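Student: One line per chain: the protein sequences are E and V, in this order.
No gaps in the numbering here: position 122 of the first sequence is 122 in this note's numbering, and each next residue is one more.
No gaps in the numbering here: position 160 of the second sequence is 702 in this note's numbering, and each next residue is one more.
Beta carbons are placed, not taken as given, at the ideal position from N, Cα and C, and that holds for glycine.
This structure is a prediction, so every number in the text was calculated from the model and none was measured.
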Amino acid sequence: MSTTVAEIGALPRVHYLNASYGWKSWLFTTDHKRIAWLYLAAITFFFFIGGAAATLMRLNLIEPQGSLLEPSTYNRLFTLHGLIMIFFFLAPSIPTVLGNFLIPLMIGAKDVAFPRLNLFSWYIFMTGGTFFLYSVIAGGVDTGWTFYTPLSTTYANSNVMSAAMGVFISGFSSVLTGLNFIVTIHTMRAPGLTWFRLPLFLWSMYATSIIFILAMPVIAITMVLLMLERFLHFGFFDPALGGDPILFQHLFWFFGHPEVYILVLPAMGVISELIAVFSRKRVFGYSFVAFSSVAIAALSFLVWGHHMFISGESLYAGLVFSAFSFAVAIPSAIKVFNWTATLYKGSISFDAPMLYALGFIGLFTMGGLTGLLLASLAIDVHVHDTYFIIAHFHFIMVGGAVMGYLGGIHYWWPKMTGRLYPDRWARIAAVLVFAGFILTFGPQFILGYLGMPRRYAVYPPEFQTLNVLSSAGASILAVGYVIPLIYLIWSARYGPVAGPNPWGAKGLEWTTASPPPTENFEVTPVVTEEAYAYGKERSERA
Amino acid sequence: MTPEPSSNFTQASSWATDWQNLFYFEVGIVVFFSILIFGAIIYLGVKYRRRPGDEVPSPTKDYLLLEITWTVIPAGICVMMFLWGTALFVRNVLPPALSTEIFVLGKQWMWEVQYPNGRRDINELHVPVGVPIKLIMASQDVIHDFAIPAFRIKKDVVPGHYTTEWFTATKPGRYHLFCDQYCGTSHSAMVGWITVMEPAAYAEWLSRGGTGKSLAEAGADLYRQYACSTCHETGRGPSFVGLYGSPVKLNNGQTVVADDGYIRESILNPSAKIVAGYTPTMPTFQGQLQEEQILQLTAYVKSLAKREGEGKKAAKQ
């Protein structure tokens, strides 16, 4: 890399970051790259709030009787943690930051299809976030992120309305973002950039956008019904009002399970990019990886009932949902095998983004495989609603989605800022995140197997050892998350200049300057080869 | 007197043993593939690490046979897991016909257990070893979940529905009972104990506590108190004698079986299912009867079925 820096020397004189100045130039920007920064600032803020809640929870669980918090406070913290991480960090993370920044760059376009709509989406997101933050400041919500009825509509005495309103509003932001991405990818690809020359990141953003558009309206509808019942006592869900609480679960999980794939599909896209560039290989089985994203998106809508195996769901419904849940494992397995095979005969370097990518593959594999136990009707009867589930979905969402997000941020940071971060610190942080993660969530599988229920502020003493281990791991994980925050901020100002292509990567985004000019490309590029044409270089050289 | 609490590792029900076998099988799959993937990453990562000289490897061709292999093998394993998990589940959906019924009422934040002879307990369930037990569960407020880790079972307790769960305990001892569905502020205090006793000790224990009336007797009192007989014994409404467990023809042509859920619904929402030949004149008792009282009335209706059944048996003989 040092040679690259010597060759480049300085940042371009004018780029999107210094093209205009002042707060208005940011808050009223329609540049997709600046909007990505607006999202980055917002979700980083939300991430550390959600993380602080998790820290307090893990501290409390060091002692069986709860070392720190009243149960009512603990309940508010896990609700806050779940809602903020899912709706205000994970769902927007890769799509709105990396997706916004990269989709036009990757397809050789000047911006997304609807730049003003893009900015409007950010304002909708912030409005939803404000409603949610109000509910926190006003005393919190204690329904769990799942808002199960009739607890949320009739029995809870916390700020359910404003939290539900926050979720309702922020969903529109995701719908509009998804719409924007789909239209952009369809209509604005550079000449020669056919569908099967697209980077796999775009395939997964496309699949994610479809889920955004189909699933988010369902949670919006569900939140409206919930608010109508809570505020005006319409009888949808509470049996005392003539409703059915199971109906809520159907609606919630019809959104809720596709939501899981909203979180992990973008990370899968990032991983495909990282594995290719850091082993200098075309992604093995490109079309299988691409179509497995689409298959996951489609199947994700047919598995929601596996959240309800023990809620009195009919036997036949259970059978069908179990079968589909196993089916959705297959495209995920295909991805994992193809990523691993990409390493074969590659030239593998272990830069920080690659460490996150390899960590992702391992942790996602474990998260996915443990999901098979939950898809199994009989096994689910015992481990449902225990720490086994907590461990499983954190392997997918933290081991998967967060690792993918961090890997992506580290990979494209030089493009976003034009500068490099200290690689040694980045590798240390990546290893800390991986080790801290395993230590935090590994013991929780055993806790769940032993029957420790989720959402317990206090617990029987025999679960203490494993809980202490888990809390110890969480402290390592926390350090692993804070270190990048420090060096990334430092590097944005003081880091060495990166140059257009510090990783020697393929892809249109690396052909323009770092940071790119506002219009991305001085001339619209023409694409003549498939994505990841790494081998070509050699024949040219020879 | 009370035995020491047993570890949650214990397999203390007939289902737990079957469950454990499947669990070990599936954990084996998880471990095998985790090691395979981690191993492959480490092996390939070391073997093909970038050497000095900034090499660019030649591209690898896609290999269709390999893609098919790693699609078909996981699919086969998934089918196996699905079949085993489903078979085990299906085999255990229905309780044996001769199960002992115990009523469980969940409310924020305690478990109220009622035995047929009228004995009641809070957060304690006593059962005899070796006898199939069927729990009929109702909730007075929000959704709860009755989970016994040592038995490897749980089931949501949903307001507005009856749910059931059954088990045969195989080891005397004392086991944890948890509420596994988040139910509000003191969710984590909604815990209790399952005590599995030898049948003789259980019978003795049960008789000591049965000071009040049996469930059916309490139900008979309610039956009188609410003057149900003015209709249900005069022909204006259907009779309860021999009703429980028998098919009921409805005025819309459907036939339903008169089980706990049907009786509950007919009390709270009488116009939902009208028996053929009757008019919907019964008022709702929603809000007037507690879940507990509905359980008692149901027990009373059940007791009428038994008398009729015995009568039939006698007639045949």
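Among V/ILE809, V/MET739, V/TRP653, which residue has its Cα nearest to the Cα of V/GLY779?
Tutor: V/ILE809
Student: So for E/THR512, helix, strand or coil by DSSP?
Tutor: Looking at E/THR512 - three-state DSSP - the assignment turns out to be coil, as it is neither helix nor strand.
Student: Could you tell me how far apart the beta carbons of E/ILE334 and E/SER292 are, in whole angstroms, since I believe they sit closer than 8 Å?
Tutor: 5 Å
Student: Just the C-alpha distance for E/GLY285 and V/TYR605, rounded to the nearest angstrom, thanks.
Tutor: 7 Å
Student: If you drop the 5 nearest sequence neighbours on each side, which residues of the same chain put their C-beta closer than 6 Å to that of V/LYS755?
Tutor: GLY660
Student: Beta carbons nearer than 7 Å to chain E: which residues of the segment 572–605 of chain V have them?
Tutor: VAL572, PHE575, SER576, ILE579, PHE580, ALA582, ILE583, LEU586, GLY587, TYR590, ARG591, ARG592, GLU597, VAL598, PRO599, SER600, PRO601, THR602, ASP604
Student: Just checking: is the beta-carbon of E/LEU38 within a distance shorter than 8 Å of some beta-carbon in chain V?
Tutor: Cβ-Cβ to chain V under 8 Å: no for E/LEU38.
Student: Does V/VAL783 come out as helix, strand or coil in the three-state DSSP assignment?
Tutor: coil
Student: For E/GLU529, I'd like the list of residues in its chain whose CB is within less than 6 Å of its CB, leaving aside the five on either flank, ordered along the chain.
Tutor: none
Student: What is the DSSP secondary structure of E/GLY473, counted as helix, strand or coil?
Tutor: helix
Student: In chain order, what residues of the segment 690–706 of chain V put their CB closer than 7 Å to some CB of chain E?
Tutor: PRO691, ARG694, ILE695, LYS696, LYS697, ASP698, VAL700, PRO701, GLY702, HIS703, THR705
Student: Could you pull the DSSP bridge partners for V/HIS718 from this structure?
Tutor: V/TRP735
Student: For E/PRO324, I'd like the list of residues in its chain whose CB is within less than 6 Å of its CB, leaving aside the five on either flank, ordered along the chain.
Tutor: The question names Pro, but residue 324 of chain E in the sequence shown is Phe. LEU302, VAL303.
Student: In chain order, what residues of the same chain have a beta carbon less than 8 Å from the beta carbon of E/ILE221, not counting five sequence neighbours either side?
Tutor: LEU251
Student: Given a cut-off of 8 Å, decide if E/ALA36 and E/ASN100 are closer than it, judged by their beta-carbon atoms.
Tutor: For the 8 Å CB-CB criterion, E/ASN100 and E/ALA36 form a contact.
Student: Should E/SER67 go down as buried or exposed, given a rule of 16 or more other Cβ atoms within 10 Å for buried?
Tutor: exposed
Student: Given a cut-off of 8 Å, decide if V/PRO637 and V/PRO691 are closer than it, judged by their beta-carbon atoms.
Tutor: Taking 8 Å as the cut-off, the beta carbon of V/PRO691 is found no closer than this to the beta carbon of V/PRO637.
Student: Taking Cβ to Cβ, would you say V/TRP557 is nearer than 8 Å to V/ARG694?
Tutor: yes
Student: Please work out which residues of its chain come closer than 8 Å, Cβ to Cβ, to E/ASN18, disregarding the five sequence neighbours upstream and downstream, and give them in chain order.
Tutor: Result list for E/ASN18: empty, nothing under 8 Å.
Student: Between E/ILE483 and E/ALA429, how many whole angstroms is the CB-CB distance? I'm expecting something under 8 Å.
Tutor: 4 Å
Student: DSSP state of E/ALA533, grouped into three classes?
Tutor: coil
Student: Is it buried or exposed for V/ASP802, if we count other Cβ within 10 angstroms and need 16 for buried?
Tutor: buried
Student: Just checking my contact of V/GLN846 with V/GLN656 at CB under 8 Å: how many whole Å lie between their CB atoms?
Tutor: Before going further, note that residue 846 of chain V is Leu rather than Gln in the sequence given. Their Cβ separation, rounded to whole angstroms, is 19 Å, which puts V/LEU846 and V/GLN656 out of contact at 8 Å.
Student: I'd like to know whether the C-beta atoms of V/SER548 and V/ALA711 end up nearer to each other than 8 Å.
Tutor: Result no, Cβ atoms of V/SER548 and V/ALA711 do not sit closer than 8 Å.
Student: Is the beta carbon of E/ARG189 less than 8 Å from the beta carbon of E/ILE84?
Tutor: Contact flag unset, no.
Student: Out of V/VAL669, V/ARG750, V/ALA762, V/SER576, point me to the one whose CA is closest to V/THR642's CA.
Tutor: V/VAL669
Student: How should E/ARG419 be labelled, buried or exposed, when 16 other C-beta atoms within 10 angstroms of its C-beta is the threshold for buried?
Tutor: Classification of E/ARG419: buried, given that the 10 Å Cβ count is 16 or more.
Student: Using DSSP with H/G/I as helix, E/B as strand and the rest coil, what is E/GLU313?
Tutor: coil
Student: E/PHE201 and E/LEU102: beta carbons closer than 8 Å?
Tutor: yes
Student: Roughly how many angstroms lie between the CA atoms of E/TYR449 and E/VAL526, to the nearest whole one?
Tutor: 55 Å
Student: Could you please give the first and the last residue of the uninterrupted beta strand (DSSP E) stretch that includes E/VAL328?
Tutor: No beta strand (DSSP E) contains E/VAL328, which DSSP labels as neither H nor E.
Student: Answer with buried or exposed for V/ALA841, where buried requires no fewer than 16 other C-beta atoms within 10 angstroms of its C-beta.
Tutor: buried
Student: Strictly under 8 Å for the Cβ-Cβ distance: is E/LEU77 near chain V by that measure?
Tutor: Chain V contact via Cβ: absent.
Student: V/PHE551 CB to nearest chain E CB: under 8 Å?
Tutor: yes
Student: Where are the beta strand (DSSP E) runs, 3 residues long or more, that stay fully inside the segment 135–220 of chain E, in chain order?
Tutor: none
Student: Go to E/LEU251, then tell me how far its alpha helix (DSSP H) extends in each direction, as first and last residue.
Tutor: In the DSSP assignment, E/LEU251 falls within the alpha helix (DSSP H) that extends over 245–279.
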